[in-house]
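Following: one structure in C-alpha cells, then a few remarks.
Protein chains: 4
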Amino acid sequence: MSKLSLSMAEKIIDAALAKGAEIGLKPLTVAVLDAGGHLVALKRQDGSSILRPQIASGKAYGALAVGAGSRWLNANAETRPHFVQALNGAAGGGIIPVPGGVLIRDGEGGEIIGAVGITGDTSDNDEAAAVAGIAAIGKTADCG
Amino acid sequence: MSKLSLSMAEKIIDAALAKGAEIGLKPLTVAVLDAGGHLVALKRQDGSSILRPQIASGKAYGALAVGAGSRWLNANAETRPHFVQALNGAAGGGIIPVPGGVLIRDGEGGEIIGAVGITGDTSDNDEAAAVAGIAAIGKTADCG
Amino acid sequence: MSKLSLSMAEKIIDAALAKGAEIGLKPLTVAVLDAGGHLVALKRQDGSSILRPQIASGKAYGALAVGAGSRWLNANAETRPHFVQALNGAAGGGIIPVPGGVLIRDGEGGEIIGAVGITGDTSDNDEAAAVAGIAAIGKTADCG
Amino acid sequence: MSKLSLSMAEKIIDAALAKGAEIGLKPLTVAVLDAGGHLVALKRQDGSSILRPQIASGKAYGALAVGAGSRWLNANAETRPHFVQALNGAAGGGIIPVPGGVLIRDGEGGEIIGAVGITGDTSDNDEAAAVAGIAAIGKTADCG
Chain C
1 MSKLSLSMAE KIIDAALAKG AEIGLKPLTV AVLDAGGHLV ALKRQDGSSI
51 LRPQIASGKA YGALAVGAGS RWLNANAETR PHFVQALNGA AGGGIIPVPG
101 GVLIRDGEGG EIIGAVGITG DTSDNDEAAA VAGIAAIGKT ADCG
Chain S
1001 MSKLSLSMAE KIIDAALAKG AEIGLKPLTV AVLDAGGHLV ALKRQDGSSI
1051 LRPQIASGKA YGALAVGAGS RWLNANAETR PHFVQALNGA AGGGIIPVPG
1101 GVLIRDGEGG EIIGAVGITG DTSDNDEAAA VAGIAAIGKT ADCG
Chain L
2001 MSKLSLSMAE KIIDAALAKG AEIGLKPLTV AVLDAGGHLV ALKRQDGSSI
2051 LRPQIASGKA YGALAVGAGS RWLNANAETR PHFVQALNGA AGGGIIPVPG
2101 GVLIRDGEGG EIIGAVGITG DTSDNDEAAA VAGIAAIGKT ADCG
Chain D
3001 MSKLSLSMAE KIIDAALAKG AEIGLKPLTV AVLDAGGHLV ALKRQDGSSI
3051 LRPQIASGKA YGALAVGAGS RWLNANAETR PHFVQALNGA AGGGIIPVPG
3101 GVLIRDGEGG EIIGAVGITG DTSDNDEAAA VAGIAAIGKT ADCG
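Protein chains in written order, with the working numbering: chain C, 1 to 144; chain S, 1001 to 1144; chain L, 2001 to 2144; chain D, 3001 to 3144.
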C-alpha cells in the first residue's frame, strides 16, 4: 500500500505548475490532500486570488468525500442539484463540485492515496494540470 | 412499544451488507438510527469513501425528520427545492434527500422505531439493501 | 504499512465491550476512526445516552488531530485552556479533550493507523476498555 | 512596498524545515500567509498529525488578526481569557493563540507583509523555526 508523502506532494505541485506555464494558464493554486482529506502541501502563485486555497482544497476534498473525481460531482450537480447541495451541507461547505479535483490512485482502479485540486484557469485546464502533476509521480489520475 | 436495540441494529447492518454482497454492490456504509435520530450502530466497508458515514446518517436522519422514507424527500427536492433546502437549513445540513434512507416501522403504518441509511452504490440499490436489512428483524420498511 | 479495516474495527469494538462487561462498566458507546479521522464502525449499547456517538468520536478525533491520546489533551486543557479551546474552534467543535480517546499504533512509537474513542463510564474506565480493544488486534495503544 | 511572493514563501518554509531538522524537532507543518491572511504556501511533513494545517494557519492568522506575533495572544489568553475567546468568536474559530505565529515585517517596526505559523514541536521551538525561516529572506520576525 502506498501513502502520500510530502515529497510526492511537492513533485505533483511542481509538475502541475510547470504544465500550467507550458500551456499558458493563468496563475494557479494547487492543493494536495492525503487519503483522509487533510492538506499535505499547497502553493498559490502570485496573482492567484484570495479564496483560491479553499477552492483548490474543496475540489480535492469533494473528490475524496465521494470516491470520484470532482467531474462526477459537477455532473451530479446538474442532474441532482439537491444531492450535491446536501453533500455540501454534510461537509460543512467544504466541497467545490466542478472539474479540477482529481483522485490519485495506485494504478488503474487502485487504492485512493490522495487527491489534487487546482483552480485559476478554466475547470478543464485546471484538471489537465492536475493530471500532469499526478503523472509526474507515476500514479493514476481519476477525474470522475 | 418496540425500541431499537443495539442487537437489532447489528442484525440490520449485517443483513444489508449480505444483500449488498449477494447482488454485487460497491462497498457500502450502513447507519442505523433510533427513533430520536441518534446513531445506534454504523459500519463502513473497506473502500467506502470518507464522507459516507455522514451521507448514510443523513439519509436516515432525513427520513426520521419528516416521518417518511428519504425517497419522499428526493421527490420533494425536485418539485419543491426551496422546501428541502429550508429543511436542511433547519437541520443544520444534516439531511441527504435521496433514496436510501428507510424508516423502520413496527408493522404496516405502525410506530417508527428508527431508520436505516445506506450509501455506496446507486440510490435505488442502497435502498434495496436497507429494505433487506429491515426484513431481517421482521419489521416493516417505509421507503417514502 | 497497516490500514484499519472494518474487520479490525469490529474486533476492537467487540473486545472493548467485552472488557466493559467483565469489569462491570455502565453502557458504553465505542467509535473506531481510521487514520484520517473518519468513522469506520460504531456501536452504542442500550442505555447509552443520545450524544454518546459524538462524544466517543470526538475523543478519538481529538487524539488523531494532534497525534497523541486524548489524555494529553486533558492535561493541556488544564495547563493551557486557551490552546485546547482554540483547537476545538479550528476543529469545528469536534474534539472531546478527556481520556478515552486512544491512538492505535503499529507497534511502540509506530505509525498511527486509527483511534478508538469510548464513553459511558468514568474517563479512566473508558480508556481501559479502549486499551483492551486495541490489544485484541495485536496493535499498540497510545493513551497520550 | 514589499509583497509576499510564492518564491519568498517557499524559501521561508524550506529554511524553517531545515532549522527543524538541524535542531532535531518533531515533524512540522509550516504555513505562510500573505498580509491579507490568505494562505500562500503550506507543507506538512510526514508524521505531522491531521489538524496541523489548521493549527499552523491559525497561529499565523491570529498574529495578522491583531498585528502582533501569537506570543502576544498567548500572554493575553492568560491575563484576559475573555478577550482572546471573543477574538476567536469574531474570527470564526480561526485563531490558535500560542507561540509559533510570527509576523514578517519589512525591517524593524516596518510594514507587515505576511506571517508564518508553525506547529509540531513545543510552541517555543515552533517559533524558533519560524524566526529562522523569516531570516532566510532577509526580513524581520515579530514574535509578539
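Ideal placement from N, C-alpha and C gives every residue a C-beta, glycine not left out.
*asked:* By the 7 Å beta-carbon criterion, what residues does the stretch 31-52 of chain C contribute toward chain D?
replied: Listed by position along the chain: 36, 38, 39, 40, 41, 42, 43, 44, 45, 46, 50.
*Measure the alpha-carbon distance for residue 1006 (chain S) versus residue 1073 (chain S) and round it to whole angstroms.*
Looking at the two C-alpha atoms, the distance is approximately 27 Å.
*List the residues of chain L whose Cβ lies closer than 7 Å to the Cβ of residue 92 (chain C), in chain order.*
Result: 2092.
*Starting from residue 54 (chain C), find everything on chain S with Cβ-Cβ shorter than 7 Å and list it in chain order.*
Here the premise fails: no neighbours, minimum Cβ distance about 17 Å.
_Can you confirm whether residue 100 (chain C), when its beta carbon is compared against all beta carbons of chain S, has any partner nearer than 8 Å?_
No, residue 100 (chain C) does not count as interfacial toward chain S.
*asked:* Applying the 10 Å Cβ sphere with the 16-neighbour rule, what's the burial state of residue 3024 (chain D)?
replied: That one is exposed.
*Can you grab the Cα-Cα spacing for the pair residue 2120 (chain L) / residue 1111 (chain S), in whole Å?*
The alpha-carbon of residue 2120 (chain L) is positioned some 29 Å away from that of residue 1111 (chain S).
*In chain order, what residues of the same chain lie with their CB nearer than 6 Å to the CB of residue 3047 (chain D), ignoring the 5 residues before and after it?*
Excluding residues within five positions, the ones whose Cβ falls inside 6 Å are 3027.
*Taking Cβ positions only, does residue 1070 (chain S) come closer than 8 Å to chain L?*
Answer no: the Cβ-Cβ gap between residue 1070 (chain S) and chain L never drops below 8 Å.
*For residue 2001 (chain L), does the count of other Cβ atoms within 10 angstroms reach 16, so buried, or fall short, so exposed?*
Residue placement at residue 2001 (chain L) is poorly supported in this model, since its pLDDT is 49, which falls under 50; the coordinates still yield a value, given next. Taking all protein chains in view, the Cβ of residue 2001 (chain L) is surrounded by fewer than 16 other Cβ atoms within 10 Å, so the residue is classified as exposed.
*Does the distance from the C-beta atom of residue 1144 (chain S) to that of residue 1117 (chain S) stay below 8 Å?*
Residue 1117 (chain S) sits away from residue 1144 (chain S), with the two beta carbons spaced by 8 Å or more.
*asked:* Do residue 59 (chain C) and residue 98 (chain C) have their beta-carbon atoms positioned less than 8 Å apart in this structure?
replied: Yes, the pair counts as a contact, with Cβ atoms nearer than the cut-off.
*For residue 3104 (chain D), the nearest candidate out of D:3014, D:3067, D:3053, D:3055 (CA to CA)*: Proximity to residue 3104 (chain D) across D:3014, D:3067, D:3053, D:3055 peaks at D:3067, based on C-alpha coordinates.
*Using the rule of at least 16 other Cβ atoms within 10 Å of the residue's Cβ for burial, across every protein chain shown, is residue 2050 (chain L) buried or exposed?*
Exposed.
*Can we say the stretch 1075-1084 of chain S touches the stretch 69-86 of chain C, given the rule of at least three CB pairs closer than 8 Å?*
With the cut-off at 8 Å, the stretch 1075-1084 of chain S and the stretch 69-86 of chain C touch.
*To the nearest angstrom, how far is it from the Cα of residue 113 (chain C) to the Cα of residue 2017 (chain L)?*
Distance from the CA atom of residue 113 (chain C) to the CA atom of residue 2017 (chain L), rounded to whole angstroms, is 32 Å.
_Interface partners of residue 1084 (chain S) on chain C, CB under 7 Å_ = In chain order: 82.
_Per-residue contacts from residue 1077 (chain S) into chain A (C-beta, under 9 Å)_ = This model lacks chain A altogether; the protein chains it does include are C, S, L and D.
*So, helix, strand or coil for residue 3106 (chain D), using DSSP?*
Looking at residue 3106 (chain D) - three-state DSSP - the assignment turns out to be coil, as it is neither helix nor strand.
*asked:* Helix, strand or coil, according to DSSP, for residue 80 (chain C) in the structure here?
replied: In the structure shown, residue 80 (chain C) sits in coil (DSSP, three-state: anything other than H, G, I, E or B).
*Alpha carbon to alpha carbon, what distance is there between residue 2096 (chain L) and residue 4 (chain C)?*
A straight line joining the alpha-carbon of residue 4 (chain C) with that of residue 2096 (chain L) spans about 28 Å.
_Does chain S have any CB closer than 8 Å to the CB of residue 2006 (chain L)?_
So yes, residue 2006 (chain L) belongs to the interface.
*Under three-state DSSP, which class holds residue 2112 (chain L)?*
The answer is strand: DSSP assigns residue 2112 (chain L) an E or B state.
_Quick check on the DSSP output: the beta strand (DSSP E) that includes residue 39 (chain C) runs from which residue to which?_
39-44 is the span of the beta strand (DSSP E), which, as asked, contains residue 39 (chain C).
*Could you name the residues that DSSP lists as bridge partners for residue 33 (chain C)?*
Note: residue 33 (chain C) sits in a beta bridge opposite C:39, C:115.
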